[in-house]
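Colleague:
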Amino acid sequence: MPSLSRLNKDFISSLLLSQNKISEETETQKSNNDIETYVVSDDEDADAYNSKLSKRKAVEVGEKLLKERIMFYYELHYVLYHIHGFSIILLVNYILDTSVFASPETMTTTRFKNDPSAKDWSLCEKCEIIVPPRSWHCDTCNVCILKRDHHCMFAGNCIGYNNHRHFLVFLLYFFIGTTYAFFYNSYYLWIVNGSLFLQWITPLKMIFPMFMFMFNTSNEIHLLLYMLILIGAIFTGVLMVYHGRLIVKNATAHEKNKGAYDLGLNKNLKIVFGDNWLSCILWPFAKSTLPEIYWNAAESQKSK
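When the sequence shown is numbered by this note's numbering, its final residue is 1191 and no position is left out of the sequence of numbers.
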């Protein structure tokens, strides 16, 4: 069985050959029409001339649609297959973010009723268990999460001590993907098809998307996808900056004193990503053991 890459190349080649064939037939038809017009122009009435003109316009429209279809299939079957292959890493991070630590028991303290005489542990009135420091109760998950940052509605799970790194890497690759798609589609819209999109009504369509329903063209779909990509890039970029400022201080969104557990940049990154944090960012399956929890040591260092 031939490879997918070979099939894509054969498919693109067949489309290009069909385009060349249509172009040759169009040129031949134009030359025949010119000769025929020169010979029978005296006997030809207006209806016949309009009929030939409409056929010629139909051929031009068909040729334009074929070019757009070739560009679409080329991007779908060739560009996406070869250039966007790294997006599988984003998918893997998303799966790990939502599945690996989805069980609440792996993210919470052991449900003991008795205090193990650990310092600074507290009682959660909702769970009725003893929880360690930096534990927060999630009303959605109905469980206490160690080093809980927030409940992510996209992941459908709490972001805590065990899966914080997968959430951050997911954000990173999502931001890279949307940024790349933004520049790629900017070139397609404003340079390749600038005559269609560089109009005075385009900014109004982007600010007020309801204007798109007034124009029944396929161009509105391209513009709508472009806006969604732009919004995704801005949204993930803001989240990257916000959470990046938190992890460099070893803080969470719930903590009021953001510098209470700051141990320095290197140790703070290891607390989130583990001892092999660089490999963890590049590949989610990389083995990166999280360090032991020593919140008290962090507090004592800040108090000195």
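In this text, a Cβ means the ideal position worked out from N, Cα and C, and glycines have one as well.
May I ask you to report which of helix, strand or coil DSSP gives residue 1025?
Modeller: strand
Colleague: Under a Cβ-count criterion, where at least 16 other Cβ atoms within 10 Å of its own Cβ denotes burial, should residue 1165 be classed as buried or exposed?
Modeller: exposed
Colleague: Pick out whichever of 1025, 1128, 1062, 1126 has its Cα sitting closest to the Cα of residue 1047.
Modeller: Ranking 1025, 1128, 1062, 1126 by Cα distance to residue 1047 puts 1025 first.
Colleague: With a cut-off of 8 angstroms on the beta carbons, I'd call residue 1138 and residue 1065 a contact; round off their distance for me.
Modeller: The pair is not a contact, with the Cβ atoms about 26 angstroms apart (cut-off 8 angstroms).
Colleague: Candidates 1007, 1041, 1109: which alpha carbon is nearest residue 1123's?
Modeller: 1041
Colleague: Which of the three DSSP states is assigned to residue 1033 in this structure?
Modeller: strand
Colleague: With distances taken Cα to Cα, identify the nearest neighbour of residue 1147 among 937, 1021, 1051.
Modeller: 1021
Colleague: Between residue 943 and chain B, is there a C-beta pair that is closer than 8 angstroms?
Modeller: In summary, chain B is missing from the structure at hand, where a single protein chain is found.
Colleague: For a test of the three-state rule: what should DSSP assign to residue 1010, helix, strand or coil?
Modeller: strand
Colleague: Under DSSP, the beta strand (DSSP E) around residue 1056 begins and ends at which residues?
Modeller: Per DSSP, residue 1056 belongs to no beta strand (DSSP E); it is in the alpha helix (DSSP H), 1051 to 1073.
Colleague: Return the residue from the list 1053, 1056, 1032 that minimises the CA-CA distance to residue 1045.
Modeller: Answer by Cα proximity: 1032.
Colleague: Have a look at residue 1014 and residue 1068 and give me their C-alpha separation to the nearest angstrom.
Modeller: So the two alpha carbons sit approximately 45 angstroms from each other.
Colleague: Report buried or exposed for residue 1052, applying the criterion of at least 16 other Cβ atoms within 10 angstroms of its Cβ.
Modeller: buried
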